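Quick note on my numbering: the sequence shown kicks off at 8 and runs consecutively.
Using N, Cα and C, we set each Cβ at its ideal position, and we do this for glycine too.
Values in this document were obtained by computation on a predicted structure and should not be read as measured data.
Read the structure below first, then the notes.
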Amino acid sequence: MGRKILPLFLVITMIFSLVGFNAVSHAAVLTDFAGGLGTEENPWQIATAVQLNNVRYYLGREHHDKHFILTEDINLNVYPFNDGKGWEPIGDWWSWDNHAFQGSLDGAGHTISGLYINMPVPTSWEETEYYAVGLFGATQNATIKNIYLTDVNVTGYDLAGGLVGDAELSVFSDIHVTGSVIGNSAVGGIAGFTYRSYIVFSSFNGSVNAVNDLGGLVGYFNDSSIRYSLSKGIVNGNMDVGGLVGFSSKSSISESHSESLVTGTEYAVEVGGLVGYNYNKSTISKSYATGAVSGYDHVGGLVGENAGYSKITDSYAWGAVSIDGVDDPTEILTVGGLVGYNNDNSTVQNCYALGNVSGTGLYHGGLVGENEITSPILSSYSLGPDNGFGTVVTDAEMQIQGTFVDWDFTNTWVLDEGYPYLLPSGVSEIISLEDFTPIVVLFGTPLSNFSLPLTVFATLDDTTIVPLQVTWDGGTPIYDGNTKGNYLFTGTLAAVEGIVNISGLAASITVTVSDPPKEIISVETQTDIIVPNGTVYSQINFPTTVVVTLDDYSITSLEVVWDFGIPDYNGNITGTYVFKGTLVTGNQIVNTNEIYASVKVIVEAPADSPPVVTDHPEDISVKAGESATFYVGYTAKPEPVFQWQYSKNGGKKWINI
């Protein structure tokens, strides 16, 4: 199935409301918070709804080093936060560097209750500032942890979540949300949309309702990871509907599960107990779904559609799966106990399904409804019906370890009584960090004028990739922008629950200060330009570059911008005009002495005009017996004849030569 583009509004305006506005610069005052300094060691303390609202004054990269902590439970079901449109989300996505939340918030196990947002379909461009809605509208390079959000009542349009509407490069740990989230597209119990973000030890219990790309935890899951997380409740939508994630692209889900009832509206497609559409090299491992699933096409107990070189391993589904509202058994519809449609070189391995599969349609099976020949199904089992995809076994055989060929019953699976279940793996170890591209800066650049990455991507021992915040040292040697050379910066990784760094890996990046700029010491003399009488300025063929000599005696060509001449150029007046050219130096060449290029433009006299002297020497005195040479510039057609004179008595009497 083709992939649609997530619909987005272009946010171009911002309204100030009763509850504040998304400012990007604000000096902290004593009344903003209950205490603290905003540092990692002494974060600003939040004890009231008003103080939580004040977080919006510390957004963007300017405040990426600001830290906050809850010291009390907070009730947001109070005026003005429960009035009108309700809570204004903290941060927005249309200018990440200036308007997204980039700091850290530690809930310290406290509860934020009564979050109310009522922003359905925007009725004007002015309202699109709320486009991404949740407690936070948008986060980037942020860490939020140890928070309980209870009884959320969030209604948005696109990008709606209980905690955050749009998350980029962010880490969410130990986040637990209950309540209701409603929207149109990219809607989730915790996050509406994520990009290169990580969710761990988190849960949602409630209802999620939207049109497409909706899930119990995340609606649109892009290049991100979920571990040790779960969802419960009801998820209802029309396309890409999942108990945990609606649409997953280039992402990983491991050791997570959904108990949600997942239902599709009329003609709903890509509906799954865990993921609606698992796409673009996405992986699901050691995960399961137990809730019932119903839809129209591409319906599966675990995944609605598995496509684009994606992979499902060591996972299972227990819930009943059905196609609703279809009476024609010849209609091309797919439903499976584990996966509705497995295609495009995607894999199912070491999985099983128990749920009853029902409904009419051409393709339905106990494990996979329809499977392309290029998509392998390996060592995977179901109770039927048997359509040739996967191995069908009896209920008794499903409870015998010997049934499951090549399964790891030491590290991954356990089968003591009943059906196989998954072993918890505990913590994960960082095995490698991404390599950063070196940064090159100009000589004289201070440290404050360039940015080091705020996040490093770490690969864990199960191949999961997660973003971790990083704190950089001052460089080795200590950075000095006025000394050329290489400076190695080392970064300390932020701690995240469930991840250990046994090897003590640290991020690193090299910053190179380039050579000092070279000084111009001279400019090559330009050949005179002779033009016919009547030539306008734009017709003069000025040189576009000139050759200059630098202080290391190397030569190079520079662009030049010419003025309008001295005297002011007039192509109808015969004579010589001197033009001055300003040199365009760029970053690596300087012109401290303000050296200019120069060129003469000589306007010829009209045809049959009297001679006009345009350049002649000053009077010259010579001693007896010596000689002198004289040059004269002129314009005339035909060529004139000049009469030279000399004087022996200081100009009292002139004699023709």
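query	result
Whose C-beta lies closer than 6 Å to the C-beta of Asn243 among residues of the same chain, with five residues either side of it excluded?	Asn216 and Thr270
Ends of the alpha helix (DSSP H) at Val57?	Ala56 to Asn60
For Tyr737, collect the residues of the same chain with a Cβ closer than 7 Å to its Cβ; drop the 5 residues on either side in sequence, then sort them by chain order.	Nothing about residue 737 can be read from this structure; the chain reaches only from 8 to 664.
Thr483 to His74, Cα distance in whole Å?	27 Å
What does DSSP give as the partner residue(s) for Phe254 in the beta ladder?	Tyr227 and Tyr284
Enumerate in chain order the residues of its own chain whose CB-to-CB distance from Ser32 is below 6 Å, with the five nearest sequence positions on each side excluded.	The pLDDT assigned to Ser32 is 46, lower than 50, so where the model puts this residue is not dependable, and the model offers no usable value.
Would you say the region 151-162 touches the region 184-200, given that touching needs at least three Cβ pairs under 8 Å?	yes
Output the residue ranges of the beta strand (DSSP E) runs that lie fully inside the region 460-536 and measure 3 residues or longer, sorted by chain position.	462-467, 472-479, 492-500, 514-520 and 525-530
Report yes if the CB atom of Ser204 is closer than 7 Å to the CB atom of Ser177, and no otherwise.	yes
Give the range of the beta strand (DSSP E) segment to which Ile586 is assigned.	The sequence given here has Phe at residue 586, not Ile. Here the beta strand (DSSP E) through Phe586 covers Gly582 to Val591.
As a quick exercise: from His70, His71, Asp80 and Gly250, pick the residue whose alpha carbon is nearest that of Ile53.	Asp80
Expressed to the nearest angstrom, what Euclidean distance is found between the alpha-carbon atoms of Val276 and Asp247?	7 Å
Terminal residues of the continuous beta strand (DSSP E) containing Gly195?	Ser192 to Gly195
Starting from the Cα of Thr272, find the closest Cα among Thr381, Ser529 and Val218 and give me that residue.	Val218
Strictly by DSSP, which residues pair up with Glu566?	Thr552 and Val591
Would you say Asn153 and Gly121 are within 7 Å of each other, going by their C-beta atoms?	no
On the DSSP bridge assignment, give the partners of Lys239 in chain order.	Asn212
Under a Cβ-count criterion, where at least 16 other Cβ atoms within 10 Å of its own Cβ denotes burial, should Asp113 be classed as buried or exposed?	buried
Out of Ser258, Ser238 and Asn191, state which residue places its alpha-carbon closest to the alpha-carbon of Asp230.	Ser258
In whole angstroms, give me the CA-to-CA distance for Leu7 and Phe254.	Only positions 8 to 664 of the chain appear in the structure, and residue 7 is not among them; the question remains open.
Please report whether the beta-carbon of Tyr603 lies at a distance below 7 Å from any beta-carbon of chain B.	Going by chain labels, chain B is absent from the structure shown, which holds only one protein chain.
Exposed or buried, what is Asp559 when buried is set at 16 or more other beta-carbons lying within 10 Å of its beta-carbon?	exposed
List, from N- to C-terminal side, the beta strand (DSSP E) runs of 3 residues or more that fit wholly inside the region 344-382.	346-349, 354-356, 370-372 and 375-378
Please go through the same chain and pick out, in chain order, the residues whose beta-carbon is closer than 7 Å to the beta-carbon of Thr556, but skip the five residues on each side of it.	Ile528, Ser529 and Ile562
Skipping 5 residues on each side, what residues in its chain have a beta carbon closer than 6 Å to that of Gly572?	Tyr584 and Phe586
So, at 8 Å on beta carbons, what are the nonlocal neighbours of Ala30 in its own chain, with the 5 sequence-adjacent residues on each side left out?	Its pLDDT being 41, under 50, Ala30 is placed unreliably by the model, and nothing is read from it.
Quick check: what's the CA-CA separation for Leu512 versus Ala149?	21 Å
Under three-state DSSP, which class holds Glu312?	strand
Leaving aside the five residues before and after Leu495 along the sequence, list all residues of the same chain whose C-beta is less than 7 Å from its C-beta, in chain order.	Gly482, Thr483, Ser515 and Thr517
Buried or exposed: where does Pro88 fall if 16 or more other Cβ atoms within 10 Å of its Cβ makes it buried?	Note on residue identity: the sequence assigns Phe, not Pro, to residue 88. Phe88 is buried by the Cβ-count criterion.
So for Trp651, helix, strand or coil by DSSP?	coil
Would Ser322 and Tyr303 be called neighbours here (beta carbons separated by less than 7 Å)?	no
With distances taken from CA atoms, which of Val538, Thr490 and Val310 is nearest Gly582?	Val538
Write down the C-beta distance between Thr542 and Gly578 rounded to the nearest angstrom, noting that I regard them as a contact closer than 8 Å.	4 Å
Under a Cβ-count criterion, where at least 16 other Cβ atoms within 10 Å of its own Cβ denotes burial, should Ala360 be classed as buried or exposed?	buried
Can you look up Met126 in the DSSP assignment and give me helix, strand or coil?	coil
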